[in-house]
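Engineer:
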Amino acid sequence: MIVLYGTKYQFEPIGKVPFTCPECSKAECTLKRYRKKNHVYWILLNTIAEGYAVGCERCKKDWTIDHYEGERLHAVLTGGGNRVSNSAAAADSETGIMVNAQMKYNTFEQTTLVIEINGREHRRDWGRQFFPLPPGNYHVKLYGKAPLMRCGIAEVDVKVVKGEQTVVTYVSPFLAWSKGDIATDRAA
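The opening position of the sequence shown corresponds to residue 153 in our numbering, with each subsequent residue numbered one higher.
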């Protein structure tokens with residue numbers, strides 16, 4: 153018996169934003185909200201990730217972008233201005249935790265990245281995610297969430313200092329039941 157399964161992205165256009173296409177340098181792209189879903193045959197199942205992407209009409213390509221950059225661009229569209237900073241700018245101006253989650257092996261392709269900060273669960277896509285937080289001590293736990301198990305669990309205690317950003321780097325393991333690699337560093 154052959155079973156066809158995989159993942160599919162669903163995009164919902166939001167509007168035109170000032171974003172330069174990395175491929176053709178066009179200065180205006182379309183901001184989109186996406187959902188990455190598992191499927192068996194052609195039946196869509198659960199959402200394993202969601203976030204923002206930008207698409208270029210000239211190149212016909214889409215690029216996923218950082219959650220906070222997507223929020224900032226969405227705020228520009230809705231008239232909220234530049235009230236949310238992106239992760240790159242956050243390193244210079246905000247206090248909090250920057251999580252860099254790397255999927256080293258395809259073992260985790262069908263999982264949802266879960267970042268728990270002091271027990272509060274955040275489901276995000278793999279890559280860089282910034283969490284603005286006040287100074288203090290935090291317990292950070294990362295893992296890939298599969299339908300029946302948590303894969304590659306790794307956790308660390310971090311201290312956030314005012315005006316600084318603590319970087320937590322997570323690398324998924326080769327085997328789902330192994331622990332992931334996690335390290336911290338402070339970026340001023």
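Heads up, the beta-carbon is just placed ideally off N, CA and C, and yes, glycines get one too.
Can you give me the C-alpha to C-alpha distance between Trp215 and Pro325, rounded to a whole angstrom?
Structural biologist: 26 Å
Engineer: Can you tell me the Cβ-Cβ gap for Thr263 and Lys297, rounded? I've got them flagged as a contact below 8 Å.
Structural biologist: 6 Å
Engineer: Classify Val155 as helix, strand or coil using the three-state DSSP reduction.
Structural biologist: It is coil, neither helix nor strand.
Engineer: Leaving out the 5 sequence neighbours to the left and right, which residues in its chain are closer than 6 Å to Cys208 when beta-carbon positions are compared?
Structural biologist: So the qualifying residues of the chain are Cys173, Lys178, Cys181.
Engineer: By Cβ distance, which residues of its chain are closer than 7 Å to Val310, with the 5 residues on each side in sequence left out?
Structural biologist: Ile249, Tyr290, Val292, Thr318, Val320, Thr336
Engineer: With DSSP as the reference, label Arg224 as helix, strand or coil.
Structural biologist: helix
Engineer: Could you check which residue in Pro284, Arg302, Val312 has the C-alpha nearest to that of Lys331?
Structural biologist: Arg302
Engineer: Using beta-carbon positions only, say whether Tyr186 and Glu164 come within less than 9 Å of one another.
Structural biologist: Yes, Cβ-Cβ distance for Tyr186 and Glu164 is below 9 Å.
Engineer: According to DSSP, what are the bridge partners of Gln254?
Structural biologist: Val323
Engineer: Locate the beta strand (DSSP E) running through Arg210, then write down its first and last residues.
Structural biologist: Counting along the chain, Arg210 sits inside no beta strand (DSSP E), nor does DSSP assign it H or E at all.
Engineer: Output the distance between the C-alpha atoms of Lys160 and Glu268, rounded to the nearest integer angstrom.
Structural biologist: 25 Å
Engineer: Please work out which residues of its chain come closer than 6 Å, Cβ to Cβ, to Asp277, disregarding the five sequence neighbours upstream and downstream, and give them in chain order.
Structural biologist: Ala201, Gly203
Engineer: Can you list, in chain order, the residues of its chain with a C-beta nearer than 8 Å to that of Lys306? Leave out the 5 residues immediately preceding and following it.
Structural biologist: Per the sequence shown, the amino acid found at residue 306 is Ala instead of Lys. Within the same chain, Ala306 has close Cβ partners Lys293, Leu294, Tyr295, Tyr322, Lys331, Gly332, Asp333, Ile334.
Engineer: With the cut-off set at 9 Å, would you say Lys183 and Val206 are in Cβ contact?
Structural biologist: Here residue 183 is Leu; the residue named in the question, Lys, does not match the sequence. Going by C-beta atoms, Leu183 is nearer than 9 Å to Val206.
Engineer: Reducing DSSP to helix, strand and coil, say where Phe260 ends up.
Structural biologist: helix
Engineer: Helix, strand or coil, according to DSSP, for Leu229 in the structure here?
Structural biologist: helix
Engineer: Under DSSP, the beta strand (DSSP E) around Val313 begins and ends at which residues?
Structural biologist: From DSSP, Val313 is part of no beta strand (DSSP E); its letter is neither H nor E.
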